[in-house]
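Have a look at the structure below before the remarks.
Residue numbers (my numbering): 1 to 405.
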């Protein structure tokens, strides 16, 4: 069995500590010699959001060997935070922004929704909607995740790892496709757990060598689009869904009946490994259905086999939220704000971290194809998504915005 690669290794550091940034890059070279590391990333704090300083930070981060940096905020009602986020998104190409929407407790300030929605819409005017790739909103995420844009440095210095292991799961499934689902599950737990543990041991060694805490592995299953790797979450669902299919049976496609069962089956494997492992886990630890970053999911979404409601349903078990979904660029306030309420409700009632990242496309209509030209992106078709609930449109709602659930 081949080695599992590292999708992201993210350091959480003081934005002024360039020595620590350089030390981390040097400290992971042995790990990099042993396994492919797709991206090295930084989650930092920034005090100076001037154009000149942000450009300097962007250049310095790149020169040190990092793919990008992420900065987190916690109050969309704070106009200064919104302006600082806009500065990052406008003056850098490798700067990512995350807003933490919910705090501990079972409350949502509904007045946070409008400024968040406005930020998404304003940001969509840059680079034909592409810029919202770098803007995300997290709900109930208390532990650090290596996955951008949700990485947040909050004075807990350390580093975390995200993995690429779809191909390894497929290898195990295909090599055991005459076995029962229970046997396949047990083999996946054993084989994946062994490799995860090996990676964690190397990370603990790095911790000792450079005196930077290993925060853990985010066991989330993340896609990687064609033409680089073409690792798709859909392949996992369909490989499992077609086990035992006779020649005359209809081929199973993700989105058909049984999809949620297979999704839950996969996530039970993640949960079992997380519960039994001898290393720290962190972040989401779920399945990432990232429409524009998953070549096959983007096709299923384009032809209507999988819709936003299906992706919300996966979040009730172990999906990670609504991620990288393009929407039409007109009449979108209700649809966007309603997704905020949906994700909040699921995160809150299930007590699990979820995320929201959507990309309004300017001057677009339902049925249009996206036209992104980026190595991380697959293209898809825009769906009809202009409907939603009317909340916070009355003065009384604005004056009494706290929703308890």
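Quick reminder that beta carbons are idealized off the backbone N, C-alpha and C, glycines included.
Can you look up residue i in the DSSP assignment and give me helix, strand or coil?
| i | result |
| --- | --- |
| residue 328 | strand |
| residue 343 | helix |
| residue 223 | coil |
| residue 122 | helix |
| residue 239 | helix |
| residue 115 | helix |
| residue 254 | strand |
| residue 192 | helix |
| residue 323 | strand |
| residue 184 | helix |
| residue 284 | coil |
| residue 110 | helix |
| residue 201 | helix |
| residue 290 | strand |
| residue 100 | strand |
| residue 304 | coil |
| residue 44 | strand |
Report, in whole angstroms, the separation of the C-beta atoms of residue i and residue j, which I expect to be a contact under 8 Å.
| i | j | result |
| --- | --- | --- |
| residue 357 | residue 119 | The Cβ separation is near 12 Å, so there is no contact. |
| residue 371 | residue 363 | No, residue 371 and residue 363 are not in contact; Cβ-Cβ is about 12 Å, not under 8 Å. |
| residue 62 | residue 96 | Not really, about 14 Å apart at Cβ, beyond 8 Å. |
| residue 196 | residue 172 | Residue 196 to residue 172, Cβ: 14 Å. No contact. |
| residue 138 | residue 280 | About 19 Å separates the two Cβ atoms, so there is no contact after all. |
| residue 76 | residue 49 | Their Cβ separation, rounded to whole angstroms, is 16 Å, which puts residue 76 and residue 49 out of contact at 8 Å. |
| residue 234 | residue 307 | Between residue 307 and residue 234 the Cβ distance is about 14 Å, and since that is not below 8 Å, they are no contact. |
For residue i, collect the residues of the same chain with a Cβ closer than 8 Å to its Cβ; drop the 5 residues on either side in sequence, then sort them by chain order.
| i | result |
| --- | --- |
| residue 6 | 31, 35, 36, 37, 38, 161, 162, 163, 164 and 199 |
| residue 131 | 89, 123 and 124 |
| residue 260 | 313, 314 and 317 |
| residue 91 | 51, 54, 55 and 58 |
| residue 187 | 172, 176 and 179 |
| residue 406 | A question about residue 406 goes unanswered here, because the residues of the chain that appear run from 1 up to 405. |
| residue 20 | 11, 13, 14, 157 and 212 |
Residue range of the alpha helix (DSSP H) that residue i falls in?
| i | result |
| --- | --- |
| residue 261 | 259-276 |
| residue 19 | 18-27 |
| residue 57 | 51-63 |
| residue 35 | Looking at the DSSP string, residue 35 is not in any alpha helix (DSSP H), and its letter there is neither H nor E. |
| residue 79 | 79-91 |
Here's a check: name, in chain order, each residue in its chain whose Cβ is nearer than 6 Å to the Cβ of residue i, leaving out the five neighbours to either side.
| i | result |
| --- | --- |
| residue 153 | 12, 43, 44 and 45 |
| residue 272 | 189 |
Taking the beta strand (DSSP E) that residue i falls in, what are its first and last residues?
| i | result |
| --- | --- |
| residue 10 | 5-13 |
| residue 215 | 214-218 |
| residue 70 | 68-73 |
Among the residues of its own chain, which have a CB less than 7 Å from the CB of residue i, if the five just before and after it don't count?
| i | result |
| --- | --- |
| residue 145 | 151, 160, 218, 282, 283 and 284 |
| residue 66 | 40, 41 and 42 |
| residue 239 | 170, 173 and 174 |
| residue 22 | 64 |
Please give me, in chain order, every unbroken run of the beta strand (DSSP E) with length at least 3 that falls completely inside the segment 136-175. 158-164
In chain order, which beta strand (DSSP E) runs of at least 3 residues are fully inside the segment 350-391? 354-361
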